[in-house]
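Student: All residue numbers for the sequence shown refer to the working numbering, where the first residue is 49 and numbers rise by one. Even for Gly, the Cβ is constructed at its ideal location relative to N, Cα and C. One structure is given below, represented as structure tokens, and several questions about it will come after.
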Amino acid sequence: MYINFQKVKFSCYALGKIMGYDREEKLTKKELQLLENIEKKEIPLTDEELECKTILRAQRKASENTLSKTAISYLIEEVFIYHKYGERIRPGGESLNESVTRIMKGTLAELSAIDLLSEYDGIKYRKNSKKFRNKWVSGYPDILHKKRLGDRKVTDIKSSWDIYTFMDNLPKNISLLNKSQVQGYIGLTKADVGEVCHILVSSPDELIEKQIGKLRHKNVFATREELDLAIDLTRKSMKFDDIPMEQRIIRFSVSRDEEEQKRMYDRVEFCRSWLMQYQQKHEEYFKKRLAL
49 MYINFQKVKF SCYALGKIMG YDREEKLTKK ELQLLENIEK KEIPLTDEEL
99 ECKTILRAQR KASENTLSKT AISYLIEEVF IYHKYGERIR PGGESLNESV
149 TRIMKGTLAE LSAIDLLSEY DGIKYRKNSK KFRNKWVSGY PDILHKKRLG
199 DRKVTDIKSS WDIYTFMDNL PKNISLLNKS QVQGYIGLTK ADVGEVCHIL
249 VSSPDELIEK QIGKLRHKNV FATREELDLA IDLTRKSMKF DDIPMEQRII
299 RFSVSRDEEE QKRMYDRVEF CRSWLMQYQQ KHEEYFKKRL AL
């Protein structure tokens with residue numbers, strides 16, 4: 049089956065995955081800063097600076113026509129295979145049950161997370177159910193809010209699995225994956241600003257009971273007291289209402305950046321062309337096999 053990948057729209061959550069370049073071709077932070085400083089200079093450049101500018105610009109341009117290993121894996125596994133053969137899950141690594149449980153926590157806890165944020169901000173937020181799309185990307189931003197006399201804001205909710213994954217967000221600051229996703233939403237919704245909100249809410253009771261059920265079936269506890277202790281600890285580890293509300297929200301702002309949005313859309317075009325070439329290579333390979 050032939051797929052016209054030139055018409056495929058990329059989900060906003062995937063933008064951070066495709067923005068990476070080949071590390072061997074990519075400029076270092078020091079080189080990027082040097083290039084930026086030279087480009088900002090208003091006085092005439094020296095011959096040495098002109099040569100440096102030419103070399104670094106050429107290298108930056110070359111890197112833009114490469115894909116990182118993460119980007120290539122995403123294009124093959126989550127775009128090409130999905131459109132060619134339907135949705136599948138790679139075996140190995142995190143078990144299917146664990147993956148489903150984490151997805152269920154994120155989905156079931158999302159409304160609770162929105163309620164918690166509403167209470168903290170003193171604003172009644174509502175879950176967005178409208179899918180936005182343009183020529184390149186599509187997505188469902190979690191919250192759209194317009195202040196009466198202010199900016200329009202788009203918010204992406206990230207419900208943390210546990211207190212450890214929640215706290216891990218603080219020193220890391222905002223990830224490229226999350227920042228790119230929200231920038232995509234800003235472009236789709238014409239919002240003025242965006243934010244990523246990591247929120248720690250208790251797991252739904254059905255998930256807690258599911259985890260407790262796993263403990264009961266393990267048969268690794270020597271006594272009933274040990275099992276009861278493990279069950280109590282599991283419940284406590286999945287409930288967070290005892291933690292002050294203000295300590296269960298970590299948020300990062302994302303400013304509207306139309307230049308970054310253009311780079312994303314250009315990147316989508318590049319990935320579409322890459323997929324078309326990959327499809328051609330795929331078909332030619334198996335045609336040769338059949339001809340043998």
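Which residue from 157, 171, 66 and 126 puts its Cα closest to that of residue 207?
Tutor: The residue with the shortest Cα to Cα distance from residue 207 is 157.
Student: Using only the alpha-carbon positions, how far apart do residue 95 and residue 78 sit?
Tutor: Rounded to the nearest angstrom, the two C-alpha atoms are 20 Å apart.
Student: Give me, in chain order, the residues of the same chain whose beta-carbon lies closer than 7 Å to that of residue 289; leave out the 5 immediate sequence neighbours on both sides.
Tutor: Closer than 7 Å at the Cβ level, and outside the excluded window around residue 289, lie 250.
Student: Per DSSP, which residues does residue 204 bridge with? Please list them.
Tutor: Bridge partners of residue 204: 244.
Student: Is it buried or exposed for residue 302, if we count other Cβ within 10 angstroms and need 16 for buried?
Tutor: That one is buried.
Student: Taking the Cβ atom as the reference point for each residue, do residue 241 and residue 60 lie within a distance shorter than 7 Å?
Tutor: It is not a contact, given that the beta carbons lie outside the stated cut-off.
Student: According to DSSP, what are the bridge partners of residue 192?
Tutor: In the DSSP output, where bridge partners are listed per residue, residue 192 has 202.
Student: In angstroms, rounded to a whole number, what distance separates the CA positions of residue 323 and residue 236?
Tutor: Near 24 Å, if we compare the C-alpha coordinates of residue 236 and residue 323.
Student: Report back the beta-carbon spacing between residue 168 and residue 294 to the nearest angstrom; my notes put them in contact at under 8 Å.
Tutor: Confirmed, Cβ separation roughly 7 Å.
Student: In chain order, what are the residue ranges of uninterrupted beta strand (DSSP E) at least 3 long that sit wholly in the region 110–137?
Tutor: Listed in chain order, nothing qualifies, since the region 110–137 has no complete beta strand (DSSP E) run of 3 or more residues.
Student: Does the Cβ of residue 308 have 16 or more other Cβ atoms within 10 Å, making it buried, or fewer, making it exposed?
Tutor: Classification for residue 308: buried.
Student: In whole angstroms, what is the alpha-carbon distance linking residue 265 and residue 281?
Tutor: Taking the straight line joining both Cα atoms gives about 17 Å.
Student: Report the three-state DSSP secondary structure of residue 171 (helix, strand or coil).
Tutor: Coil, per DSSP.
Student: Would you mind listing the beta strand (DSSP E) stretches within the region 282–320 that are 3+ residues and don't spill past its ends, in chain order?
Tutor: Counting whole runs of 3 or more residues, the region 282–320 contains the beta strand (DSSP E) stretches 297–303.
Student: Give the single residue among 333, 119, 173 and 296 whose Cα lies nearest to the Cα of residue 209.
Tutor: Nearest C-alpha to residue 209: 296.
Student: What's the gap between the Cα of residue 247 and the Cα of residue 214?
Tutor: Between residue 247 and residue 214, the C-alpha separation is close to 7 Å.
Student: Beta-carbon separation of residue 300 and residue 244 under 7 Å?
Tutor: Against a cut-off of 7 Å, the Cβ pair of residue 244 and residue 300 comes out as a contact.
Student: Compute the beta-carbon to beta-carbon distance between residue 159 and residue 175, rounded to the nearest angstrom, for a pair I have assumed lies under 8 Å.
Tutor: So it is a contact: roughly 6 Å between Cβ atoms.
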